[in-house]
Structure formats: structure tokens, C-alpha cells
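Heads up, the thing below is written out as C-alpha cells.
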Amino acid sequence: MIVTYIGRVIKAGFTSFWRNGSVSFASILVMVLALFMIGSLLFSQVLLRATLDAVKGKIDISVYFKATALEGEIASLQASLAALPEVSEIEYISREDSLAIFRERHQNNALISSSLEELGENPLGAALNIRAKNPQHYENIALFLEEGNFPVIDKVNYRKNKLVIDRLTAIISGSQKVGIGITVVLGAIAMLIVFNTIRLAIFTSKTEIEIMKLVGASRRYIRSPYLVEGFLYGAVASIVTTLLFWPLTYWLSPRAVQFFGFDLYLYYIANIFQFFLLLFLSGVILGVFSSFIATRRYLKV
Numbered sequence: 001m002i003v004t005y006i007g008r009v010i011k012a013g014f015t016s017f018w019r020n021g022s023v024s025f026a027s028i029l030v031m032v033l034a035l036f037m038i039g040s041l042l043f044s045q046v047l048l049r050a051t052l053d054a055v056k057g058k059i060d061i062s063v064y065f066k067a068t069a070l071e072g073e074i075a076s077l078q079a080s081l082a083a084l085p086e087v088s089e090i091e092y093i094s095r096e097d098s099l100a101i102f103r104e105r106h107q108n109n110a111l112i113s114s115s116l117e118e119l120g121e122n123p124l125g126a127a128l129n130i131r132a133k134n135p136q137h138y139e140n141i142a143l144f145l146e147e148g149n150f151p152v153i154d155k156v157n158y159r160k161n162k163l164v165i166d167r168l169t170a171i172i173s174g175s176q177k178v179g180i181g182i183t184v185v186l187g188a189i190a191m192l193i194v195f196n197t198i199r200l201a202i203f204t205s206k207t208e209i210e211i212m213k214l215v216g217a218s219r220r221y222i223r224s225p226y227l228v229e230g231f232l233y234g235a236v237a238s239i240v241t242t243l244l245f246w247p248l249t250y251w252l253s254p255r256a257v258q259f260f261g262f263d264l265y266l267y268y269i270a271n272i273f274q275f276f277l278l279l280f281l282s283g284v285i286l287g288v289f290s291s292f293i294a295t296r297r298y299l300k301v
């Protein structure tokens, strides 16, 4: 009995879905746009997070010493840094190595090369490159260096790197807010379209509804097909949206690798089922909720 009841409800929902072909297509199209924004927001956040992680992975703290700093003073500070629990690795760069690196970096600049030759001595001091165990630990290490009042230190370059991270984090947060705003607007439009589609289906089926009431059909039986119809809008839209991202991520992947160092297509393939589930649940909730509101308002049984 229950199986027969469910079968009839599903069949009636499919019938209404196909009967309102052009209107159903418009509803699905708008819902696809809303779900596409959800998917785009997800991928953009993944790309930006990957970029942020890559930047954090490359960042370290460089401590530049004065040219007059003694080896013993540098070694003492290096030992103090190594004792910090946040420090993972310390690379010592001697004055000679600093000069060699500087020369290589500016080998095409004749003015700098000639200036070094005229000086006749090494104007650069030694340096330490410090890597933290976790990107969040750099702040504590920088504070240790800045508040320790070490006279042998010429400068610490962490603040510029931190500014880059903070700006990138702000961009991620801003893009997330904009994406959520657009998604909410498109979601509301999709709900309105589905709402009006179900309302139209109710009006065009008035005679059938009256007959069902006369033969004793329950309120749930009359309303359920429209909920099935809303479910179909969300389900079809989620399938279409998921398939749209297949060629799109494949086409964008080489560019994502080039600019962000992240393979978007491989990420999509590896997470396609979770991605589809997210879109499917979002679409079904939009469709069924819109249908529920429409039947509550316009289907008086």
C-alpha cells in the first residue's frame, strides 16, 4: 500500500514536471545559476587558500646583521633562537655568502657592480634565515627579535612578509563575503521562480485537484506531487551544474597551475562526489522548500 502510494506520488510529480516544460526549464536554469555560484565560490576559496598556504610555506624571517657584528655575538643569538620552541630551522649566511648572493642578484646592474669594486671591501653583514614550525609562530619569533634589543641586528624583514599574508587573507575574506552575497541573491531568485512555477502548476490543475478532493484524496496525497516536482528541479539543476564544472575545471586547470600552483581539475575529480552532494543538497532544499511554501499558500485542501 505504501509502495503504491509513493509510486503514484512520484509519477504525479514527474507528470507535472514534464507538463510544464518551458516553465520547468526556466526554473532549472535559474537554479543552475545559483548552484554554479556556490560551486564557483568553493573553487575560488580553494584556489586562494592554496595560494595563501604556498605563500606561508615560502615565508621565513631574515635577520640581517651589521657588518661590524662579531661571529661570537651572532652565534650567541643563533643559539637563543634555536632554543625557542617555535623555531624549526635556522640557516646561517656568512658575510662572504651574503656578498656572493648580492652580486649574483645584481649581476646585470653595472652601477652596483662598479660601486662594490670601488668600495674594495665587503659592506654586507651576515644573516640568519629562520623557519618556524608553524606559520602562526612567526609573530612570536619576530617579537623576540624586536623586543630583545639586540644591537648587532641591522634589520628584520618579517613585517613586509606579514603584510603580504594579511592582504591575501583580506582578499580571501572579501571574496568570500561577495560570493556568499551573490549566492544568496541568486538563491532567492531561484526560490521565487520555483515558487511561481508550482503556483502555476496548481492553478492549471484545479480541475484535477477538485476531482481528487471529491473522491476522498488526502491533503498529503494532493500536496506531495508538487514537493516531488520541487525536488526534481533541485536534483536536475545539481546534476547539470556538476557536469558544467567538468569541462570548465579542465580548461582552467593549466592556468590555475601557472598562476596558483594548484591543479583545479585534479581537485575536482578527487572531490566530485562531495562536490555533487553539496550541490544536490543545496538544490533539493531550495526546490522542496519553495514548493512547500507555494502549496501551503495556494493549495487549499
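According to full-length UniProt numbering, the sequence shown is numbered sequentially starting from 1.
Even glycine gets a Cβ: it sits at the ideal position worked out from N, Cα and C.
- Around the beta carbon of residue 48, 16 or more other beta carbons sit within 10 angstroms, so the residue counts as buried.
- In this structure residue 286 touches residue 31 by the C-beta definition: roughly 6 Å separates them, less than 8 Å.
- In terms of CA proximity to residue 70, 152 leads the group 112, 167, 152.
- When the beta-carbon positions are compared, residue 61 and residue 189 stay at least 8 Å from each other.
- Per DSSP, reduced to three states, the secondary structure at residue 166 is helical.
- Contact between the region 278 to 294 and the region 26 to 42 is present: three or more C-beta pairs spanning the two stretches fall below 8 Å.
- Membership of residue 93 in the beta strand (DSSP E) is indicated by the continuous run 87 to 93.
- In chain order, 237, 238, 241, 279, 282, 283 place their CB closer than 7 Å to the CB of residue 35, counting only its own chain and leaving out the 5 sequence neighbours on each side.
- Uninterrupted beta strand (DSSP E) stretches at least 3 residues long and entirely within the UniProt domain "ABC3 transporter permease C-terminal" (182 to 300) do not occur.
- Contact annotation, residue 125 with residue 64: C-beta distance approximately 6 Å; criterion of less than 8 Å satisfied.
- Residue 67 sits close to residue 123, with the two beta carbons spaced by under 8 Å.
- Distance from the CA atom of residue 72 to the CA atom of residue 130, rounded to whole angstroms, is 18 Å.
- With 16 or more neighbouring CB atoms inside 10 Å of its own CB, residue 295 falls in the buried class.
- Between residue 232 and residue 292, the C-beta gap is not smaller than 8 Å, which leaves the two residues out of contact.
- Taking 3 residues as the shortest admissible run, the UniProt domain "FtsX extracellular" (60 to 146) contains the following complete beta strand (DSSP E) segments, listed from N- to C-terminal end: 61 to 65, 87 to 93, 127 to 132.
- In the three-state scheme derived from DSSP, where H, G and I count as helix and E and B as strand, residue 156 is classed as strand.
- If you check the CB distance, residue 245 and residue 268 come in under 8 Å.
- Closest by C-alpha distance to residue 183, out of 38, 17, 109, 18, is 38.
- Excluding residues up to 5 positions away in sequence, 65, 92, 126, 128, 152 lie with their Cβ nearer than 8 Å to the Cβ of residue 74 in the same chain.
- Within the same chain, Cβ atoms closer than 6 Å to the Cβ of residue 137 are found at 86, the five residues on either side in sequence being excluded.
- With contacts defined by Cβ atoms closer than 8 Å, residue 172 and residue 52 form a contacting pair.
- When DSSP states are grouped into helix, strand and coil, residue 149 belongs to the coil group.
- Excluding residues up to 5 positions away in sequence, 193 lie with their Cβ nearer than 7 Å to the Cβ of residue 26 in the same chain.
- Burial state of residue 230 is buried, judged by a 10 Å Cβ sphere holding 16 or more other Cβ atoms.
- Counting the other CB atoms within 10 Å of its CB gives residue 204 a total below 16, which places it among the exposed residues.
- Out of 110, 165, 98, the CA that lies nearest to the CA of residue 54 is found in 165.
- Pairing residue 143 with residue 156 gives a Cβ-Cβ distance that is not under 8 Å.
- With a 10 Å radius around the Cβ and a threshold of 16 neighbouring Cβ atoms, residue 170 comes out exposed.
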